[in-house]
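Working notes, beginning with the structure itself.
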Amino acid sequence: MILVRILEEVLGGLVGWKGQEETFGKRASDKKSFLTVDHLKNKNFENSFEASTELIGLGIQSILQDDLTRPFQIEEEEASLLHFPKETLNLPFYVFGLGFRWGFLFPIRVCFMVFSVLFLTISSVICVVLNAEMKYFRYCGITFAKLFNLSTGLIVNFHDKKNRPRVPGVAVANHLSANDVMTIYSGCDYDGVGYTITGQSHGGFVKYLYKYGGKLTPLLLVDRACDKNRNALLQAIVEHSKKTEKDTYPVLLFPEGYCSNNKAVLQFRKAIFNGETAIYPIAMKQNSRFGDAFWSEDTFIPYLIRIMTSWCSIIDMYYLPAMYKESSESEEQFAKRVQCAIAAKLSVDALPFDGKLKSEKEREKYKGKLQACLAEKL
1 MILVRILEEV LGGLVGWKGQ EETFGKRASD KKSFLTVDHL KNKNFENSFE
51 ASTELIGLGI QSILQDDLTR PFQIEEEEAS LLHFPKETLN LPFYVFGLGF
101 RWGFLFPIRV CFMVFSVLFL TISSVICVVL NAEMKYFRYC GITFAKLFNL
151 STGLIVNFHD KKNRPRVPGV AVANHLSAND VMTIYSGCDY DGVGYTITGQ
201 SHGGFVKYLY KYGGKLTPLL LVDRACDKNR NALLQAIVEH SKKTEKDTYP
251 VLLFPEGYCS NNKAVLQFRK AIFNGETAIY PIAMKQNSRF GDAFWSEDTF
301 IPYLIRIMTS WCSIIDMYYL PAMYKESSES EEQFAKRVQC AIAAKLSVDA
351 LPFDGKLKSE KEREKYKGKL QACLAEKL
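Quick note on numbering: the sequence shown equals residues 1 to 378 in UniProt numbering.
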């Protein structure tokens, strides 16, 4: 962290963002309204003038903020040290930084990445062959997570560790990238508990990590395109989250279902919020001045290269107190309350939109539904 402070003081002043007010923390109220199909259906207007006034206001707000695409946009941070400088005076420092990141940091991180992958492969094989105790599996899993974070230049600051997830329970977090699993797992105590990992099936390098990482910690994967597979996974998560055995870990879940850019929290899927177990919210807030951890690329390797050639990625991880479903709440209301708790900690909006709207085709379909509802109200 000392190196980070030096970068902030020296390089920050050179590129002109030092002393600027952080705009990330500006967040609308939790009660903010959005132009959604459900809002239009549930809202009763006394007259057409009232309807027109509110709908125009919501429409202008949505146009200005573009709520459907905001969580997936790649925005150039004014405070970033990675982009080409706007002032010619800063060009030499940019060129030096570019050479330093690609010529020095990147080769070192590649070496650490190779070492971490070898460690994962060898340690998982040894633990399986020797039928080692659970604590050795957990030790290797946590060590690999720390090595992987080191190879990607990730710095994680953990807050409120007293609220870390326990058994039985489900840990839910906002989602930046496939690396979130290693980010969260690296915060486990060697003599504590790990996590039962859940996620979407991937190919390529991520598949390799899942293959051998699944030897060191319980792993539950889902094929998003298969409804039957999703239902089976949900049942497995529910059953696993209720176990209280000594060697059982809390389930780690990303209920947004999609990666977002940390500018908002997407709508949580309600299935796991049935009240049968405790929910442990985890809020991950990134500082993208030195590197953006959001996975926006189509495949994993280009993303990995981008973050490995950044100065570093900084994430503050907040463990929030356990939350329980109230008797008067529906699953949807409980999911919304947990989503809002994480969004409030991050100082961003809790959006009422599903991650499927990342697809342009899905956005067009949703806009069509909005137009139909608007026509009915007006």
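Quick reminder that beta carbons are idealized off the backbone N, C-alpha and C, glycines included. All of these numbers come straight from a predicted model, not from anything done at the bench.
Can you tell me which of the options puts its alpha carbon nearest to the alpha carbon of residue i?
i	options	result
Leu150	Tyr212, Pro107, Ala171	Pro107
Thr143	Phe96, Ile184, Ala350	Ile184
Asn279	Arg166, Gly204, Tyr94	Going by the sequence as given, residue 279 is Ile instead of Asn. Here the closest residue by C-alpha is Arg166.
Arg289	Asn274, Thr299, Ser313	Ser313
Cys127	Lys215, Phe254, Asn157, Ala322	Lys215
Gln154	Asp316, Glu364, Asp247	First, the amino acid is wrong: residue 154 is Leu here, not Gln. Looking at the Cα atoms, Asp316 is the closest of the given residues.
Asp180	Ala344, Asn262, Lys345	Asn262
Ser124	Leu220, Gln339, Arg363, Gly213	Gly213
Ile272	Pro255, Ile282, Ser260, Asp191	Pro255
Arg70	Ser186, Thr152, Ser260, Phe294	Ser260
Glu332	Ala344, Gln235, Asn90, Lys270	Lys270
Gln235	Glu245, Leu220, Val117	Leu220
Lys211	Ala372, Ile122, Thr248, Glu362	Ile122
Cys188	Leu176, Lys242, Ser330, Arg164	Arg164
Val117	Leu357, Gly141, Glu360	Gly141
Leu120	Thr277, Gly169, Leu209, Val193	Leu209
Tyr319	Asn287, Lys161, Arg101, Gly103	Lys161
Met308	Ile74, Phe104, Pro85	Phe104
Tyr324	Val193, Gly169, Ile305, Lys358	Gly169
Gly192	Tyr249, Leu233, Asn231	Tyr249
Trp102	Arg306, Leu91, Lys135	Arg306
Asp247	Leu176, Thr152, Met182, Gly194	Gly194
Leu233	Glu245, Met134, Leu253	Leu253
Leu176	Phe96, Asn90, Ala372, Asn287	Asn287
Met134	Leu304, Glu245, Ala372, Glu362	Glu245
Leu82	Leu89, Gly97, Ile237	Gly97
Just mark residue i as buried or exposed, buried being the case when its beta carbon has 16 or more other beta carbons within 10 Å.
i	result
Ser327	exposed
Trp311	buried
Asn131	exposed
Gly204	exposed
Asn348	Reading off the sequence shown, one finds Val at residue 348, where the question assumed Asn. The residue is buried, with at least 16 neighbouring Cβ atoms inside 10 Å.
Gly291	buried
Ala293	buried
Gly368	exposed
Ser29	With a pLDDT of 41 at Ser29, under the threshold of 50, the predicted position of this residue should be treated as unreliable, though the coordinate-derived value follows. Classification of Ser29: exposed, given that the 10 Å Cβ count is below 16.
Thr198	buried
Thr152	buried
Thr23	For Thr23, the pLDDT reaches just 43, beneath the cut-off of 50, and the residue's location in the model is therefore unreliable, although a value from the coordinates is still provided. So Thr23 ends up on the exposed side.
Ile74	exposed
Leu91	exposed
Leu89	exposed
I believe residue i touches residue j by the beta-carbon criterion, under 8 Å. Please report the beta-carbon distance rounded to the nearest angstrom.
i	j	result
Ala178	Val206	5 Å
Asn174	Val265	5 Å
Phe334	Gly257	Contact flag wrong, Cβ pair sits at about 17 Å.
Tyr190	Tyr139	6 Å
Leu346	Lys285	5 Å
Phe137	Gln267	In fact, because the Cβ distance is near 35 Å, the residues do not count as touching under 8 Å.
Ala171	Ile342	Incorrect: roughly 12 Å between the Cβ atoms, too far for contact.
His159	Thr196	The pair is not a contact, with the Cβ atoms about 23 Å apart (cut-off 8 Å).
Thr277	Lys242	6 Å
Lys358	Phe72	5 Å
Lys356	Glu364	Not confirmed; about 12 Å, so no contact.
Query raised in the report: Any chance the region 134–153 sits against the region 100–114, with 3 or more Cβ pairs inside 8 Å?
Result: Judged by pairs of C-beta atoms under 8 Å, the region 134–153 touches the region 100–114, as three or more such pairs exist.
Query raised in the report: Within the chosen definition, does the region 298–311 reach the region 331–348 through at least 3 CB pairs nearer than 8 Å?
Result: Result no; under three Cβ-Cβ pairs closer than 8 Å.
**Report entry** beta strand (DSSP E) runs wholly inside the region 291–368, at least 3 long, in chain order
**Finding:** Runs of the beta strand (DSSP E) inside the region 291–368: 313–319.
Report task. Tell me the start and end of each unbroken beta strand (DSSP E) in the region 242–288 that is at least 3 residues and wholly inside, in chain order. Result -> List check, beta strand (DSSP E) in window: 251–253, 279–287.
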